[in-house]
Amino acid sequence: MRKRLVRKTFDMIQEISESESKEDYKKFWENFGRFLKLGCIEDTGNHKRITPLLRFYTSKSEAELMSLDEYVENMGENQKAIYYLATDSLKSAKSAPFLEKLVQKDIEVLYLIEPIDEVAIQNLQTYKEKKFVDISKEDLELG
């Protein structure tokens, strides 16, 4: 019974996320997004179901939240990783000195602006065979 309920719930949420009305999922995300991020930390058995439902602001999408699928689709041919920057606000993310080098190379960066974001991403480690890479680390290699 539990597995069936969980599967049906994920199916319903996935359907909302893929609907033409982005407003519906935006409302859902505002109310329940933190719980999905928490699921990335606590429910390793459902990572593959939860991850496509996550949304983040990015260096190229500062007004609208973006899915990881959209991020991966937008990646350049030679980009080997999903780059992120953990910070306390959208404003500080936009002005981070680490960002400049990637923006110049037209590489999109995820903005992790809630404390739970970084923990969730570190728990996932990869998405669609792309590693998550923190751009604030000294040994950052672009590839």
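To convert a position in the sequence shown, counted from 1, into my numbering, add 1. Glycine included, each C-beta is placed from N, C-alpha and C at the ideal position. Just so you know, these numbers come straight off a predicted model, no measurement behind them.
Q: Would you mind stating whether Leu86 and Ala97 have Cβ atoms separated by less than 7 Å?
A: Their beta carbons are under 7 Å apart, which means Leu86 touches Ala97 by this criterion.
Q: With a 10 Å radius around its C-beta and 16 neighbouring C-beta atoms as the bar for buried, classify Leu37 as buried or exposed.
A: Answer is buried; the Cβ neighbour count reaches 16.
Q. Applying the criterion that 16 or more other CB atoms from any shown protein chain within 10 Å of the CB defines a buried residue, is Val104 buried or exposed?
A. With a 10 Å radius around the Cβ and a threshold of 16 neighbouring Cβ atoms, Val104 comes out exposed.
Q) Which residues bound the beta strand (DSSP E) around Asp135? A) Taken as a continuous stretch (DSSP letters only), the beta strand (DSSP E) holding Asp135 covers 131 to 135.
Q) With contact counted as at least three CB pairs below 8 Å, one residue from each stretch, are the region 67 to 85 and the region 112 to 132 in contact? A) By the Cβ test, the region 67 to 85 is in contact with the region 112 to 132, since at least three Cβ pairs between them sit closer than 8 Å.
Q | Cα-Cα separation between Phe99 and Ile122, rounded to whole angstroms | A | The C-alpha of Phe99 lies about 19 Å from the C-alpha of Ile122.
Q. Taking 6 Å as the line, does the beta carbon of Ser62 fall inside it for any heavy atom of the ligand PLP?
A. Absent from the structure shown: the ligand PLP. Ligands present: none.
(Q) Just to confirm the assignment, what range does the alpha helix (DSSP H) spanning Ile17 have? (A) Element bounds for Ile17: 3 to 19.
Q) For Asp12, is the classification buried or exposed, using 16 other Cβ atoms within 10 angstroms of its Cβ as the cut-off for buried? A) Asp12 should be labelled exposed.
Q | For Ser62, the first and last residue of its enclosing beta strand (DSSP E) | A | Start and end: 62 to 68.
Q) What do you get for Ala94, buried or exposed, if any count of 16 or more other CB atoms within 10 angstroms of its CB means buried? A) Around the beta carbon of Ala94, a 10 Å sphere encloses 16 or more other beta carbons of the protein chains shown; the residue is thus reported as buried.
Q: Along the alpha helix (DSSP H) that carries Phe33, what are the first and last residues, could you check?
A: 23 to 43 is the extent of the alpha helix (DSSP H) around Phe33.
Q | Buried versus exposed, by CB contacts within 10 Å (16 or more), Thr10 | A | Thr10 counts as exposed, since fewer than 16 other C-beta atoms from the protein chains shown sit within 10 angstroms of its C-beta.
Q. When DSSP builds the beta bridges, which residues end up paired with Arg56?
A. Partner(s): Ser68.
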